[in-house]
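Right, one structure below, let's go through it.
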Amino acid sequence: MEEHWKLVYVIGILALGFAVKSNADGSISCGFPAIYNFGDSNSDTGGISATLNEILPPNAEGIKLPYLSAYMDSIGTNFRHGANFATGGSSVRPPGFSPFNLGIQISQFIQFKARTTTLYNQLSLNTLGLELGNGSPRSSVRMSKEPWGYAVENEMEKGGRGDPFSSAFLGRIPLSISNLPRPAEFSQALYTFDIGQNDLGHGFQTMSEKQVRDSIPDIVGELSKAIHILYKEGARFFWIHNTGPLGCLPYNVIYGKKPGNVDKNGCVKAQNEAAIEFNKQLKNKITWLRTQLPFAKFTYVD
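Numbering (my numbering), first residue to last: 53 to 354.
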């Protein structure tokens, strides 16, 4: 009898193992309808050149989403499952290696959300009008300046002939509802960040080591502000990467070495110490954000 129960126990463990493996292989989706990514060259899919091939943002393939398109590469692009605002060389704070700092990327997202929502609703009404066999509603749109960019003010007009957006914008967003994000899914999407490394890298080229370390609270604070703004826009799910060992990057290993500043691995010690401090403060800030944004869910990636 004892041997019988041992056999049942082993079979149960094997069955559980197969079930876990099946789930790990992707048979169950995480359920995010879209990804909106903000960052630098670690996740740039063509934002700088707007001509590069599309590649996956962090973990898009794992949650069964199509390749993510760059916001800057928007002619004829499919944004149904999200957009990538990351560009190579970007930093959290200006100035930096790139003009597309995090504040600009957030501004681009707000414009993107407002404009695609207006266009999606307009195309939905047009489609409904055609199905009902009556005149399709049109929309006239005014642009008003806002702190983070431009807001869209929409006025519905029955039978109007005005285009929903200016000709400049029509060249950026395809007039196909199947290529546009569903407005309701902005609050269900995953918002990913991989940025901050260039703030430290640019800092070590323009400031002293002490000044770089003293700047970390402000860098982390600006990232926190960006998350607050997205939260007000309806974002609820955040995936945030910390930075890697900056002092081990080939450029820094080759050009950043000085007597006494190299660790046992041959990396630049001061830069790695700054990266460790950045990660520590970033993790603490996310812990604080969990208390400030009660409906948000955070994943911190080391």
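In this text, a Cβ means the ideal position worked out from N, Cα and C, and glycines have one as well.
| Query | Result |
| --- | --- |
| Under 9 Å, do D251 and I271 count as touching if we go by C-beta distance? | yes |
| Just list the beta strand (DSSP E) runs in the segment 227 to 301, keeping only unbroken ones of 3 residues or longer that don't cross its boundaries, in chain order. | 242 to 246 and 289 to 293 |
| I need the straight-line Cα distance from P311 to L282, nearest angstrom please. | 45 Å |
| Give the range of the alpha helix (DSSP H) segment to which T343 is assigned. | K321 to Q344 |
| Within 10 angstroms of the Cβ of W291, are there 16 or more other Cβ atoms? Answer buried if so, exposed if not. | buried |
| Quick check: what's the CA-CA separation for D354 versus K321? | 19 Å |
| Nearest to V144 by CA position, among S176, G253, Y303 and S228, is which residue? | G253 |
| S150 to Q249, Cα distance in whole Å? | 13 Å |
| Going by CA-CA distance only, name the one from S121, I338 and A327 that's closest to D266. | A327 |
| I believe Q344 touches F256 by the beta-carbon criterion, under 8 Å. Please report the beta-carbon distance rounded to the nearest angstrom. | Incorrect: roughly 31 Å between the Cβ atoms, too far for contact. |
| Is the Cβ-Cβ distance between F161 and F289 less than 9 Å? | no |
| Exposed or buried, which one is E209 when buried takes at least 16 other CB atoms within 10 Å? | In this prediction, E209 scores a pLDDT of 37, lower than 50, which makes its location untrustworthy; the coordinate-derived value is nonetheless stated afterwards. So E209 ends up on the exposed side. |
| According to DSSP, which residues form a beta bridge with I162? | According to DSSP, which records beta bridges pairwise, I162 is partnered with nothing at all. |
| In three-state terms, what does DSSP make of V144? | coil |
| In or out: A236 buried (at least 16 other Cβ within 10 Å) or exposed? | exposed |
| Shortest alpha-carbon distance to C319 belongs to which of N304, E329, N94 and F330? | N304 |
| Does Y352 come out as helix, strand or coil in the three-state DSSP assignment? | strand |
| For M124, which of F164, L334 and T351 has the nearest alpha-carbon? | F164 |
| Using 10 angstroms around the beta-carbon of T244, count the other beta-carbons present and answer buried if the total reaches 16, otherwise exposed. | buried |
| Following the continuous beta strand (DSSP E) through Y123, name the residue where it begins and the one where it ends. | Looking at the DSSP string, Y123 is not in any beta strand (DSSP E), and its letter there is neither H nor E. |
| I'd like to know whether the C-beta atoms of N89 and G134 end up nearer to each other than 9 Å. | yes |
| If you draw a straight line from the alpha carbon of L175 to that of I229, how long is it in whole angstroms? | 6 Å |
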